[in-house]
Each structure stands twice: as structure tokens, then as C-alpha cells.
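Novice:
Numbering (the numbering used here), first residue to last: 1155 to 1452.
1) Return the chain-ordered ranges of every beta strand (DSSP E) run that is complete within the segment 1235-1289 and spans a minimum of 3 residues.
2) Do you know offhand how far residue 1209's Cα is from residue 1232's?
3) Relative to the C-alpha of residue 1333, which candidate in 1301, 1341 and 1311 has its C-alpha closest?
4) Once the 5 residues before and after residue 1350 are set aside, which same chain residues still bring their CB inside 8 Å of it?
5) Compare the C-alpha of residue 1212 against each of 1170, 1267 and 1193 and name the closest.
6) Which class does residue 1361 belong to by DSSP, given the choice of helix, strand or coil?
7) I need the boundaries of the beta strand (DSSP E) containing residue 1305, first residue and last residue.
8) When DSSP labels each residue in this structure, what does residue 1439 get in the three-state scheme?
9) At a cut of 8 Å, does the segment 1173-1189 reach the segment 1259-1275 through at least three beta carbon pairs?
10) Consult DSSP for residue 1299 and reduce its assignment to one of helix, strand or coil.
11) Going by DSSP, what residue range makes up the alpha helix (DSSP H) through residue 1425?
12) Go to residue 1210, then tell me how far its beta strand (DSSP E) extends in each direction, as first and last residue.
13) If we ignore side chains and look at the alpha-carbon of each, how far apart do residue 1367 and residue 1239 end up?
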């Protein structure tokens, strides 16, 4: 493995970092990698939900405004062959209100499936997949470990547990719980999670043979190789990495310079930049010491 620090960009590395927005979108928002996206969905969705094809893509970060005036920051939205909608994002930093944020943006996507005059029967279920870099807090932590790190939240009747179909289902993948070494990986999902967390640290000649023998990882690693990107895709990826790195630098600047104690105008400017890059409101508040109300007004 190379000795990159996790804070560094992957612009100069061999493979993209899938736990960064820039790397995730470069691979999974690329229509040429549709089969990889299908595999990802089938690993992380509830067992009774299977995707065989993707018939449409919508990258929500390309949509500048929603009706409420707040920008949508989910990384990838796509539609399955049966009309079901899938929203996928990576969230590296911890966020106190991650469930609420997923539901907030999910309601926008769910509502926009139909126009005025359409029948509600045309609404299809929306599956939100949030790949977390930090753990999602549970009431009983003993129920969650490296073999139980994917949670599924859906509308059910409290007494009978009857499931309300065609609604919003939120799924969290808590990668911080995955502590398996490469030797301890057993299932294709294990190897996929291992690559998500560690693949960007390798170079082409340093990939262990065991990973090369896993079809899903072999195909994924090829899609993550930056040198294999077309010139246009690589330029777009590099710009995305640079913007992402600018935000990271702003975060370190804020912490080192004690920005929270600085002028309100400076903190608001930093908050605006962080919002533009899709960082969570909770993270912005903790970094700048602004209130949630102040950040939301931006």
C-alpha cells in the first residue's frame, strides 16, 4: 500500500477514494459502470428488494434548486426497471441529524415523481442508501457489529408490523463498524466494503491476489483507476477533488485558527462555502460555532 494520509485528496493516487464524494460519483454516477451500481444496490438494499436494471439516472447535485430554495446534495439518484427510485450518497463526516436530512431530501425526490393532476398510484417506493463513515447511533449497540452494519428503516404499523408499501425506505451502511482484515473477509459484500475503505491506498501492482480473484472487486478496481479515465472525465474528477480539498483545508483552517471565536462575517463566508460543497449542517455548526438557524438562512 502507499502511505497516503486519509485527509489527502486522491488526485495524485492510483485509485479514487470511494468514501469521498468525488471518487464515489466518478465511479457510480458513470453510466458505463451501471452493473457496478446494480451490484452495490443489491448488496445494501433489504433482502426482498432486487434490482436487475437501471433505466434512468439523475445526479441531484446537477439540480441547483428545489422548490423550497434549498439545494439537494444527494450524490446519485437512479430509477430501476420497475420504476422504484434509489438515492445513494456517501457521508464521510458524522452528522447528528443524518436521519432527518435523509428524510428531508427524500421527501423532495418522492414528491417529484408525480406532477399536479397525476394519480398517487403512480408513486413508486424510494430507497435511500447512505454509506456512512461514522456510526449511526442505535438504542442497543450490542445488536450492531462488523457482521451487522446495514440497517433498514421503513413505515410499519406498530402492533402488527404491517409494512406500508410504495413509501420511503432509508438504509444506512455503517462502514466504521467494518474492522475486518483482508484475511477475515468471507463474503462478496465483505470484500466490497474492504475495497471501499482501503482500495484507494493501493497501486496497480500492489493489489493482493485475493482481491483480484473476486469478480466484483476486480471490476470495481478497474473502474476506480484514475489513469483509465477519459480526458474529459479525469478533468471533471480533478476539479471535483480540488473543490473537495478546498473545503477540507477550510475545515483545518477553522480549527487551527479558532474561527469559531472570529468575526461572524468570516464564519458565515466559511459556512457558505461548506454548504456549496454539500457538507452537513451539523458539521458546519460544529466547525463555525454558528447556530443551525443561522446556517439554514444561508
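Note that beta-carbon positions come from the ideal geometry of N, C-alpha and C, so glycine has one too.
Specialist: According to the structure data:
1) 1239-1245 and 1280-1286
2) 8 Å
3) 1301
4) 1172, 1173, 1285 and 1329
5) 1267
6) coil
7) 1304-1307
8) helix
9) no
10) strand
11) 1418-1430
12) 1208-1212
13) 32 Å
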